[in-house]
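*Asks:*
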Amino acid sequence: MQLKDADLVRIIERLGEHYRVNINNRVMRPVLMKMDLANSTWELIDRLVAPPEQQRGQGWDFDDLYEQILAMAAFVNHAQHGVAPSIRALLSSHQGSRAPSSTDRVLRDMAINNFGSNLGVLSDILNELYLKTVELDKQHNGEKQAVYMRKPELKTIGQLLI
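Right under this line is the structure:
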């Protein structure tokens, strides 16, 4: 079933925008790329945050969307527990021996100081997307036939986002 819903599209667009601007920006990207996540997880995240125009026209498949949500939830969890506690050291070690320009230093400090809260916002938007997807899943497939009921790994979403 291909899902087309204006509210869903707005949530996905908001998630992607927040991710690109506040999380996976030029300051943070080198550190995030060192995270121990499978390539398939990164591919699912990329598909979620930057869906092609064709997918918007065709809609989203529930199975695929749930997989993308799980991948982003795994990213959030790993970033919260593996990156956030040592973000200052990770960014400092990445810059190497060269002294950052004053602009780079300001951007780095902003990224460090806001990383935790930006992850929190990302987590909140992702939770909103998950709840909207479940709601639409129930509407389209019925309570007993809903796709999320066949995916036990979705039960961990709440734990991954905390």
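Letter by letter, the sequence shown follows residues 852 to 1013 of our numbering. Built from N, CA and C at the ideal position, the CB exists for glycine as well.
In chain order, what residues of the same chain lie with their CB nearer than 8 Å to the CB of V882, ignoring the 5 residues before and after it?
*Replies:* If we look at V882 and ignore the five residues flanking it on each side, its Cβ neighbours are V934, I938, L941, L942 and H945.
*Asks:* With DSSP collapsed to three states, give me the class of D912.
*Replies:* D912: strand per DSSP, three-state reduction.
*Asks:* Please determine if the segment 910–930 and the segment 888–896 are in contact, where contact requires at least 3 C-beta pairs separated by less than 8 Å.
*Replies:* These segments touch.
*Asks:* Short of 7 Å in beta carbon distance, which residues of its chain neighbour K1006, apart from the five on each side in sequence? Order them along the chain.
*Replies:* Taken in chain order, the list of residues that qualify is empty.
*Asks:* Once DSSP output is grouped into helix, strand and coil, what is the label at Q931?
*Replies:* Helix, per DSSP.
*Asks:* Please say whether L987 and L854 have beta carbons closer to each other than 8 Å?
*Replies:* Closer than 8 Å, so yes.
*Asks:* Taking just the CA atoms, how far does A997 sit from K983?
*Replies:* Cα-Cα distance, rounded: 13 Å.
*Asks:* Would you call R959 buried or exposed, if buried means 16 or more other Cβ atoms sit within 10 Å of its Cβ?
*Replies:* With 16 or more other Cβ atoms within 10 Å, it is buried.
*Asks:* Measuring CB atoms only, is the segment 960–975 touching the segment 911–922, in the sense that at least three cross pairs come out at less than 8 Å?
*Replies:* Result no; under three Cβ-Cβ pairs closer than 8 Å.
*Asks:* Thinking C-beta only, is I1008 closer than 8 Å to H869?
*Replies:* Their beta carbons are not under 8 Å apart, which means H869 does not touch I1008 by this criterion.
*Asks:* Rounded to whole angstroms, what's the CA-CA distance from K1002 to V860? Just pull it up for me.
*Replies:* Going from the Cα of K1002 to the Cα of V860 covers about 22 Å.
*Asks:* Rounding to the nearest angstrom, what Cα-Cα distance links H991 and D856 in this structure?
*Replies:* C-alpha separation (whole angstroms): 12 Å.
*Asks:* Could you give the residue range of the alpha helix (DSSP H) that holds K983?
*Replies:* Run containing K983: S953 to N992, per the alpha helix (DSSP H) assignment.
*Asks:* Could you tell me if A922 is buried or exposed, where buried requires 16 or more neighbouring beta carbons within 10 angstroms of its beta carbon?
*Replies:* When all chains shown are included, A922 counts as buried.
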